Amino acid sequence: MNTTAAAPPVTTTAETAFRRPNYLNAAYGVRSWLLTRDHKRIAILYLISVTTFFAIGSLFALLIRLELLTPEGDLFQPDTYNRLFTMHGVVMVFFFLIPAIPAVLGNFLVPLMIGAKDLAFPKLNLASWYVYNLGGIFTLWAIIHGGVDTGWTFYTPFSTHYSNTYVIATALGIFINGFSTIFTGLNFIVTIHRMRAPGLTWFRLPLFIWATYATSVIIVLGTPVIAITLLLVAVEKTFHLGIFDPALGGDPVLFQHMFWFYSHPAVYIMILPAMGVESELIAAFARKRIVGYKVVAFASIAIAVLGFLVWGHHMFVAGESIYAATIFSVLSMLVAIPSAVKVFNWTATLYQGSISFQTPMLYALGFIGLFTLGGLTGVMVATLGFDVHVHDTYFVVAHFHYIMVGGTIMGYLGGLHYWWPKISGKLYPAFLSKLAALLVFVGFNLTFFPQFILGYLGMPRRYWSYPPEFQVLNVLSTAGASILGVGYLLPLCYFIWSMRYGKDSGDNPWGAVGLEWDTTSPPPTENFYTTPVVTHGPYEYNREEVHNRMSQEVTLG
Amino acid sequence: MAEHVTSRKVYFLVFAALLALTLATVLVAEVDLGVFNDVAALTIAVTKALLVLLFFMHVRHSTRMTALTAVAGFFWLALLIGLTMADYASRGQILPYVAGK
Ligand SMILES: [Cu+2]
Chain A
1 MNTTAAAPPV TTTAETAFRR PNYLNAAYGV RSWLLTRDHK RIAILYLISV
51 TTFFAIGSLF ALLIRLELLT PEGDLFQPDT YNRLFTMHGV VMVFFFLIPA
101 IPAVLGNFLV PLMIGAKDLA FPKLNLASWY VYNLGGIFTL WAIIHGGVDT
151 GWTFYTPFST HYSNTYVIAT ALGIFINGFS TIFTGLNFIV TIHRMRAPGL
201 TWFRLPLFIW ATYATSVIIV LGTPVIAITL LLVAVEKTFH LGIFDPALGG
251 DPVLFQHMFW FYSHPAVYIM ILPAMGVESE LIAAFARKRI VGYKVVAFAS
301 IAIAVLGFLV WGHHMFVAGE SIYAATIFSV LSMLVAIPSA VKVFNWTATL
351 YQGSISFQTP MLYALGFIGL FTLGGLTGVM VATLGFDVHV HDTYFVVAHF
401 HYIMVGGTIM GYLGGLHYWW PKISGKLYPA FLSKLAALLV FVGFNLTFFP
451 QFILGYLGMP RRYWSYPPEF QVLNVLSTAG ASILGVGYLL PLCYFIWSMR
501 YGKDSGDNPW GAVGLEWDTT SPPPTENFYT TPVVTHGPYE YNREEVHNRM
551 SQEVTLG
Chain B
558 MAEHVTSRKV YFLVFAALLA LTLATVLVAE VDLGVFNDVA ALTIAVTKAL
608 LVLLFFMHVR HSTRMTALTA VAGFFWLALL IGLTMADYAS RGQILPYVAG
658 K
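Protein chains in written order, with this note's numbering: chain A, 1 to 557; chain B, 558 to 658.
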């Protein structure tokens with residue numbers, strides 16, 4: 001019924017693969033990209049934008065680590081340093097970590113994984129990319145004119161009263177960017193509800209789809225709150241209305257309530273999609289069904305809901321009532337349960353699996369280790385007494401980098417390496433990519449593990465100088481950051497290289513199951529030659545036909 | 558799925574009601590009701606929001622999924638306000654021995 005092109009055999013040899021019409025060679029020229037409505041092309045546009053912002057954010061991180069190489073504040077003025085860590089946070093959180101997996105991998109994969117031709121609202125999808133860049137331009141404008149120094153958290157009364165930097169422009173940039181995130185989330189929710197292929201019931205969906213769905217719900221319910229909160233900051237700053245200023249009848253802690261109501265769940269906007277990628281990778285490279293599929297699926301929903309009930313744990317020492325603090329502490333620990341369930345289920349899936357250590361799998365295994373460490377230290381800082389000791393120290397900095405970088409970026413890179421043959425139809429160098437994965441893992445730990453110790457010893461965050469006894473650990477951290485930097489540059493180089501010089505990957509180089517692998521690589525514009533009909537659940541590596549096909553696959557690396 | 562068509566008369570009635578309620582807001586603001594100032598203003602505001610939601614935004618005749626989505630939005634708003642108020646209501650109350658008594 002939905003046949004859109006003459007159907008060639010789905011599995012073909014690598015040489016013929018690239019001559020078939022696909023979404024990349026369907027049209028050429030700048031116009032065909034900037035006005036595209038193809039979710040796959042929009043994913044590529046997002047990949048370029050998101051990578052640009054990641055590079056800008058990394059540059060700020062590099063400057064921060066250079067300053068902290070020595071105890072004296074010798075490279076920058078303290079004011080400049082305040083701007084550096086603020087803009088590192090703003091760019092990385094709002095313009096990289098939040099959109100990275102949903103807007104790049106989600107955009108590319110959601111329709112493919114559910115057997116649809118595109119997202120429900122293709123024009124809205126393209127609009128979201130433009131809105132994202134508009135918000136980015138506002139923020140870049142603020143950066144070029146001197147930046148902001150409030151920290152990415154914009155705490156009042158500093159942001160509303162004392163900061164003379166570009167608070168309003170940056171806040172507006174984030175406000176605008178919020179709409180692009182909402183567009184994407186809304187699009188995913190409608191698509192997953194309405195456009196699944198015949199036979200694709202909810203419990204036959206891949207876990208990446210469940211995770212993306214849960215993320216979209218958080219996005220749609222949470223993002224309006226941060227948008228309005230930052231708008232209120234701009235309003236108070238411009239018109240001197242008493243919202244957060246006690247002198248005018250406001251309350252500065254109200255800002256923290258509203259800010260963290262979104263910004264704690266925002267952590268789950270970053271980590272849930274990475275968890276979804278993780279499930280796909282573990283299943284594909286252990287050749288097994290994910291143990292406790294339904295439990296893992298519902299754990300995503302549980303995290304999405306519980307994640308909204310814990311924000312007060314950021315305000316234990318901000319004058320919050322001790323009764324509210326106790327409730328928030330208990331609720332925060334509850335979120336550890338669904339997160340731990342996922343970790344246990346992934347490790348249980350590995351048990352007796354036939355594991356192959358391809359590059360994406362290295363990222364997947366790294367993710368488990370780093371996320372576990374980030375999660376467990378999260379339970380530590382959720383404890384009232386311990387938090388008083390480590391609040392605003394490097395312990396907290398290390399904790400959230402283990403979640404955001406160790407979790408989200410590992411998931412993002414693992415996913416990019418896994419689906420790169422699907423996206424580009426090309427293979428990247430096996431040895432070099434494994435080396436990069438190793439560098440990322442080692443570099444990351446060397447950067448952030450010393451910060452746990454620094455924080456525990458009492459080094460506060462957000463200072464440009466420190467007592468000399470902290471230098472050794474800071475040097476280790478800076479050394480780690482340089483290794484991490486190389487680990488990030490390598491994939492950038494060989495991905496670009498592979499587009500021109502890489503070997504053709506064939507349709508399914510990993511021998512993986514899933515609707516996205518049932519079509520050609522790269523897929524045609526309409527994704528499938530005939531609408532797929534689904535008769536079984538995901539990850540069925542033990543089915544006979546899958547088994548036969550796998551034995552014919554070329555192995556990589 | 559048959560779309561429900563709301564008659565023009567209903568739209569005008571709802572619009573008239575919204576105008577009347579706006580007028581009520583202004584008039585009530587002129588009278589000092591003490592603690593009931595906020596109660597009165599919020600009751601009128603919520604009534605107006607419900608009218609817009611049910612008639613102009615068609616939730617009254619939509620699927621249960623739409624209604625559920627709308628309810629979820631309000632539930633999340635209740636979470637935001639409820640837990641924030643839990644802080645404000647008990648702010649500054651500390652156990653006697655902590656206060657040093
Ligand atoms: Cu939090």
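C-beta: ideal position from N, C-alpha, C; glycine also.
Since the model is a prediction, treat every value here as computed from it, not as a measurement.
Would you list the one or two residues that DSSP bridges to residue i?
i: A:K426; result: A:D504
i: A:P460; result: A:T393
Just tell me which of the options has its CA closest to the CA of residue i.
i: A:V277; options: A:L413, A:I48, A:T150; result: A:L413
i: B:G649; options: A:G249, A:I322, A:W33; result: A:I322
i: A:L365; options: A:D79, A:L47, A:A284; result: A:A284
i: A:A234; options: A:T86, A:N164, A:W33; result: A:N164
i: A:L281; options: A:V305, A:P360, A:G249, A:I327; result: A:P360
i: A:L370; options: A:Y418, A:L207, A:F441, A:N345; result: A:F441
i: B:I638; options: A:L126, A:M92, A:L254; result: A:L254
i: A:P538; options: A:P523, A:A512, A:Y529, A:T519; result: A:A512
i: A:G502; options: A:L457, A:L484, A:P429; result: A:P429
i: A:I372; options: A:S354, A:V388, A:N345; result: Position check: residue 372 of chain A holds Thr in this sequence, whereas Ile was assumed. Ranking the options by Cα distance to A:T372, first place goes to A:N345.
i: A:H389; options: A:F528, A:F316, A:I409; result: A:F316
i: A:P122; options: A:N107, A:G135, A:N25; result: A:N107
i: A:S49; options: A:P21, A:F60, A:F76, A:L97; result: A:L97
i: A:V343; options: A:M195, A:L515, A:V296; result: A:V296
i: A:F208; options: A:V397, A:T520, A:G514; result: A:G514
i: A:G73; options: A:W141, A:W464, A:W420; result: A:W464
i: A:Y488; options: A:L362, A:A436, A:Y466, A:Y529; result: A:A436
i: A:A214; options: A:S263, A:T170, A:H264, A:I269; result: A:I269
i: A:H161; options: A:L241, A:A324, A:G375, A:W497; result: A:L241
i: A:G307; options: A:T326, A:A266, A:I327, A:A324; result: A:A266
i: A:G312; options: A:T326, A:I303, A:I301; result: A:T326
i: A:L272; options: A:Y166, A:I409, A:S180, A:Y155; result: A:I409
Residue i: buried (16+ other C-beta within 10 angstroms of its C-beta) or exposed?
i: A:K575; result: Lying outside 1 to 557, the shown extent of chain A, residue 575 of chain A is not represented and no answer is given.
i: A:T447; result: buried
i: A:E526; result: buried
i: B:D644; result: buried
i: A:I189; result: buried
i: A:I219; result: buried
i: A:P198; result: exposed
i: A:T535; result: exposed
i: A:V330; result: exposed
i: B:M642; result: exposed
i: A:V91; result: buried
i: B:M614; result: exposed
i: B:R621; result: exposed
i: A:W260; result: buried
i: B:F569; result: exposed
i: A:S32; result: exposed
Give the C-beta separation of residue i and residue j to the nearest angstrom, bearing in mind that I take them to be a contact with Cβ-Cβ under 8 angstroms.
i: A:Y46; j: A:V131; result: Contact flag wrong, Cβ pair sits at about 12 angstroms.
i: A:F175; j: A:A227; result: 5 angstroms
i: A:F455; j: A:Y394; result: The question names Phe, but residue 455 of chain A in the sequence shown is Gly. The Cβ separation is near 4 angstroms, so the contact holds.
i: A:R83; j: A:G147; result: 4 angstroms
i: A:L309; j: B:L607; result: So it is not a contact: roughly 26 angstroms between Cβ atoms.
i: A:Y494; j: A:S433; result: 6 angstroms
i: A:T531; j: A:G115; result: 7 angstroms
i: A:G89; j: A:G136; result: With a Cβ gap of about 15 angstroms, A:G89 and A:G136 do not count as contacting.
i: A:L439; j: A:V405; result: Contact flag wrong, Cβ pair sits at about 14 angstroms.
i: A:T478; j: A:L68; result: 6 angstroms
i: A:V305; j: A:M258; result: Rounded, the Cβ-Cβ distance is 19 angstroms, inconsistent with contact.
i: A:R353; j: A:K294; result: The sequence given here has Gly at residue 353 of chain A, not Arg. Contact flag wrong, Cβ pair sits at about 19 angstroms.
i: A:M87; j: A:I168; result: Going by Cβ atoms, the distance from A:M87 to A:I168 rounds to 15 angstroms, so no, they are not a contact pair.
Can you confirm whether residue i, when its beta carbon is compared against all beta carbons of chain C, has any partner nearer than 8 angstroms?
i: A:I327; result: Absent from the structure: chain C. Protein chains present are A and B.
### Task
Quick one: which residues of the segment 629 to 646 of chain B get their C-beta closer than 8 angstroms to a C-beta of chain A? List them in chain order.
A629, G630, W633, L636, L637, L640, T641, A643, D644, Y645, A646
### Task
Could you run through the segment 608 to 621 of chain B and flag, in chain order, every residue whose CB is less than 9 angstroms away from some CB of chain A?
none
### Task
With 9 angstroms as the C-beta to C-beta threshold (strictly closer), list the residues of the segment 300 to 324 of chain A near chain B in chain order.
F308, L309, W311, G312, M315, G319, E320, S321, I322, Y323, A324
#### Entry: Residues in the segment 214 to 228 of chain A having any Cβ partner in chain B nearer than 7 angstroms
L221, V225
### Query
Between the segment 257 to 268 of chain A and chain B, which residues of the former have CB atoms less than 9 angstroms from a CB of the latter, in chain order?
H257, M258, F261
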